[in-house]
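S.K.: Under my numbering, the residue at position 64 of the sequence shown is numbered 609, and the numbers go up by one with no gaps.
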Amino acid sequence: MTQIIQSNDYSKFESITGNRSLSQSKIEKICNDIANGFNMLPYCPIIVSENDGKLQIIDGQHRFEVSKKTQNPVYYVVCETLTLKQIAQLNSRGEKWKPQDFLECYIKLGISDYEYIREIMDEHKIAIKTVINLLMYFKINDPSSTEAFQGGDFKCNYLQETQELLRLTESLFGRYVFSKDRYLIGAVQAIKAKGKCDFEKLKNKIAAAPMMMDRQADVKHYIYNIERVYN
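1. In whole angstroms, what is the alpha-carbon distance linking C701 and L680?
2. Would you mind reading off the limits of the alpha helix (DSSP H) that contains I652?
3. By the three-class DSSP mapping on this structure, what secondary structure does K614 have?
4. Does the distance from the CB of S731 to the CB of I685 come in under 9 Å?
5. Quick one: Cα of Y703 to Cα of I665, how far?
6. Locate the beta strand (DSSP E) running through N596, then write down its first and last residues.
7. I751 to T707, Cα distance in whole Å?
8. For N596, which option in C624, N617, S716 and S570 has the closest C-alpha, if you only look at C-alpha atoms?
9. Would you kindly work out how many angstroms separate the C-alpha atoms of N577 and E709, rounded to a whole number?
10. Between the Cα of S612 and the Cα atoms of K574, S594, F647 and E649, which residue gives the shortest distance?
11. Looking at the structure shown, is I677 part of a helix, part of a strand, or coil, going by DSSP?
12. Can you find the residues in the same chain that come closer than 6 Å, C-beta to C-beta, to V764, ignoring five residues on each side of it along the sequence?
13. Using DSSP with H/G/I as helix, E/B as strand and the rest coil, what is Y721?
14. Do you know offhand how far F683's Cα is from I662's?
15. Return helix, strand or coil for S552, following the three-state DSSP convention.
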């Protein structure tokens, strides 16, 4: 049976470089719970691994910070040493990490493909899931991309194509609040693939009748809306 150990020596614990950022609001909420008599720290030990005399926190950074802040013992269990990639995989199974956590983790690990995700997000302000799908498969949705991304296996296969598609979409629809909608991006992608649209003409048509364009529920309806404006 795994033994739960406790310690008030906070100095022997350390976080792992690349682990996710702390949420101060989450820490404050747990501290408030403890102040109000609801202390679950003894029942939710953090997970650590031993490395060069230090206990590296694999899971439970927030609970560790709460323990320090409230002067409570740190309750922990020791497991075998894990790599940062394995830690990310562990968190992906429990869905504890957000996509941004995985992104920052793998960038810190030096996996260069992940840097392109942040580059595209910063430039185009597109949702991370859409960026991942476009860069890896050049689709607006692919269910297999989540596992690959979270497991550290994301590959940037369509950087140039993604840049061209997003810049084209922005040049046409940048005035609209729905210009970042993945279905609109998918519609532009589908129209572009057919090779029959004069996008300069479309841009002029949109400028002449901007009220004809509206948010749609899917790619099909966006295509219909764009064709109605174009014709």
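Glycine included, C-beta positions come from ideal geometry on N, C-alpha and C.
Values in this document were obtained by computation on a predicted structure and should not be read as measured data.
M.R.: Judging by the given coordinates:
1. 5 Å
2. P644 to K653
3. helix
4. Checking the sequence shown, residue 731 turns out to be Gly, not Ser. Contact flag set, yes.
5. 12 Å
6. I591 to N596
7. 23 Å
8. C624
9. 49 Å
10. K574
11. helix
12. Y728, G731 and A732
13. coil
14. 13 Å
15. strand
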